[in-house]
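Participant: Structure provided below as structure tokens; questions to follow.
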Amino acid sequence: MSAAGRLAPSPTGAQHLGNARTYLAAWLSARSAGGRVVLRIEDIDSPRIKPGAAAQALDDLRWLGLDWDGEPVAQTPRLPLYESALDRLKQLELVYPCTCTRSDVAAAASAPHAEHEGPTYPGTCAGRSARDIPVGVPFAWRFRVTDSPAFVDRFRGPTAIDLRTAGGDFVVWKAAGTPAYQLAVVIDDAAQGVTEVIRGDDLVSSTPRQLLLYRALGLAPPAFAHLPLVVGEDGRRLAKRHGDTRLAALRAAGVKPEAVVGLLAWSCRWIAEVRPVTPRELLTAFRLDAIPPRPFVLTAELLRGIGYAP
Ligand code: GLU
Ligand code: ZN
């Protein structure tokens, strides 16, 4: 089977330089292997969908010089697919209804937790069978974590994360009646024939969960690579406080896409100094293992170097 990568923007806001660096790596990895690239708008798992953001994301990607095969796919019309996966998990008794609220879980959790991870679910509702449907209260569906599959990350190498201390049993279907990210992403990557996933390392602890779902549903998992994020001079994840690093803002300020790609390619050590370059021109220089293992610190000086004053 030939390689297939994917670009999976969430339409929750504008795409910034941090997103762009990961998209560039994902595109180059698939294209340099002569593979396909699919585009998916992850519009189902977010309370923060912004109108127009999906169209803006496609514009931003095209502007950078990234392309994809076939039509972009959105998640919302694929609800029946996710529902049938949930049904399968229910039949297998691999999920149970959970009536806990966010504050219930926080109150019951004993260990401190990573900020984006949330507290580890203490298993309050794990005694329920998938047939014990709670009446008159909202409930989510949680997947029973039995083990934590280790995997060989194409960038990080052998990776093992213990899910018992990193989240515990996780939500696959939200009380709002929609699939959670973990389930939707597995169904989509499998349905779109994705063989390689390249994403930010903020998602690395999601991978063992997704591997459990691939296994439970009898689907073949892709290869995974998790790349260091782009941070500001204070070492924190790129955000508003670091000035406007949205691609749309750079574009509006007259910065050329080749200049942006050149900066990102240099940050990944695919070129020796910052100079204008197109994604296509990087196809032979691309190597995952050239990327420095530390987060990339985006400074005001680097931005000025490509003609942008944040
Ligand atoms: N839609 C997610 C994001 O934009 C990416 C999820 C993934 O790559 O699995 O952060
Ligand atoms: Zn519960």
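Residues 924 to 1233 in our numbering are what the sequence shown lists, from first letter to last. Note that beta-carbon positions come from the ideal geometry of N, C-alpha and C, so glycine has one too.
#1: What's the C-alpha gap between Val996 and Pro1202?
#2: Anyone know if the C-beta pair for Leu1211 and Arg944 falls short of 8 Å?
#3: Would you be able to state if there are at least three C-beta pairs under 8 Å between the segment 1081-1088 and the segment 1108-1122?
#4: Using a Cβ-based criterion (distance less than 7 Å to any ligand heavy atom), does Cys1191 qualify as near the ligand ZN?
#5: Examine the ligand ZN and report whether any of its heavy atoms sits within less than 7 Å of the Cβ of Thr1022.
#6: Roughly how many angstroms separate the alpha carbons of Ala976 and Tyr946, rounded to a whole number?
#7: Just to confirm, are Ser952 and Phe1147 a CB contact at a threshold of 8 Å?
#8: Which class does Arg1192 belong to by DSSP, given the choice of helix, strand or coil?
#9: Between Pro1233, Pro1102 and Cys1191, which lies nearest to Glu1156 when the distance is taken from Cα to Cα?
#10: Out of Leu1140, Arg971, Pro934 and Val1200, state which residue places its alpha-carbon closest to the alpha-carbon of Leu962.
#11: Can you tell me which of Arg1065, Val1068 and Cys1191 puts its alpha carbon nearest to the alpha carbon of Pro1218?
#12: How close, in whole Å, do the beta carbons of Asp1124 and Leu1152 come, if the pair is a contact with beta carbons under 8 Å?
#13: Given 8 Å as the limit, is there contact between the segment 1131-1148 and the segment 1162-1170, that is, 3 or more CB pairs closer than that?
#14: Between Phe1078 and Ile1214, which are expected to be in contact by the criterion C-beta below 8 Å, what is the C-beta distance as a whole number of angstroms?
#15: What is the DSSP secondary structure of Ile1121, reduced to helix, strand or coil?
#16: Please state if the CB of Ala1171 and the CB of Asp983 are separated by a distance shorter than 8 Å.
#17: How big is the Cα-Cα spacing for Gly1080 and Pro1131?
#18: Which residues have a Cβ closer than 6 Å to any heavy atom of the ligand GLU, listed in chain order?
#19: Is it true that the segment 1016-1026 meets the segment 978-992, where meeting means three or more beta-carbon pairs spaced less than 8 Å apart?
#20: What three-state label does DSSP hand Tyr1019 in the structure shown?
#21: Assuming Cys1048 and Tyr1019 make a contact with CB atoms under 8 Å, what is their CB distance in whole Å?
Facilitator: Let me lay it out:
#1: Counting from one through the sequence shown, the residue named residue 996 turns up at place 73. Counting from one through the sequence shown, the residue named residue 1202 turns up at place 279. Spanning the two alpha carbons is a distance of roughly 23 Å.
#2: In the sequence shown, the residue the question calls residue 1211 occupies position 288. In the sequence shown, the residue the question calls residue 944 occupies position 21. Using a Cβ distance threshold of 8 Å, Leu1211 and Arg944 do not count as a contacting pair.
#3: no
#4: On the sequence shown, position 268 is the one that residue 1191 refers to. Checking every heavy atom of the ligand ZN against the Cβ of Cys1191, none is found closer than 7 Å.
#5: Along the sequence shown, read from residue 1 onward, the residue named residue 1022 stands at position 99. Yes, the beta carbon of Thr1022 sits closer than 7 Å to at least one heavy atom of the ligand ZN.
#6: As a working note, residue 976 is residue 53 in the sequence shown. As a working note, residue 946 is residue 23 in the sequence shown. Distance between the alpha carbons of Ala976 and Tyr946 is about 16 Å.
#7: The sequence position of residue 952 within the sequence shown is 29, counting from 1. The sequence position of residue 1147 within the sequence shown is 224, counting from 1. Cβ atoms of Ser952 and Phe1147: not closer than 8 Å.
#8: Looking up residue 1192 in the sequence shown gives position 269. Correct three-state label for Arg1192: coil.
#9: For this step, residue 1156 is matched to residue 233 along the sequence shown. Of the listed residues, the one whose Cα sits closest to Glu1156 is Pro1233.
#10: Numbered from its first residue, the sequence shown carries residue 962 at position 39. Residue Pro934 is the option with its Cα nearest to Leu962.
#11: As a first step, residue 1218 must be located in the sequence shown, where it is residue number 295. Residue Cys1191 is the option with its Cα nearest to Pro1218.
#12: As a working note, residue 1124 is residue 201 in the sequence shown. As a working note, residue 1152 is residue 229 in the sequence shown. That belief holds up - the Cβ atoms of Asp1124 and Leu1152 are roughly 6 Å apart, short of 8 Å.
#13: no
#14: For the purposes of this step, residue 1078 is taken as the residue at position 155 of the sequence shown. For the purposes of this step, residue 1214 is taken as the residue at position 291 of the sequence shown. The Cβ separation is near 7 Å, so the contact holds.
#15: Residue 1121 sits at position 198 when you count from the first residue of the sequence shown. Residue state, collapsed to three classes: strand.
#16: Looking up residue 983 in the sequence shown gives position 60. Looking up residue 1171 in the sequence shown gives position 248. Contact: yes.
#17: Working through the sequence shown from its first residue, we reach residue 1080 at position 157. Working through the sequence shown from its first residue, we reach residue 1131 at position 208. Between Gly1080 and Pro1131, the C-alpha separation is close to 14 Å.
#18: Ala931, Pro932, Ser933, Glu965, Val1108, Arg1122 and Leu1126
#19: Of all C-beta pairs linking the segment 1016-1026 to the segment 978-992, fewer than three are shorter than 8 Å, placing the two stretches out of contact.
#20: Translated into positions along the sequence shown, residue 1019 becomes position 96. In the structure shown, Tyr1019 sits in a strand (DSSP, three-state: E or B).
#21: As a first step, residue 1048 must be located in the sequence shown, where it is residue number 125. As a first step, residue 1019 must be located in the sequence shown, where it is residue number 96. Going by Cβ atoms, the distance from Cys1048 to Tyr1019 rounds to 6 Å, so yes, they are a contact pair.
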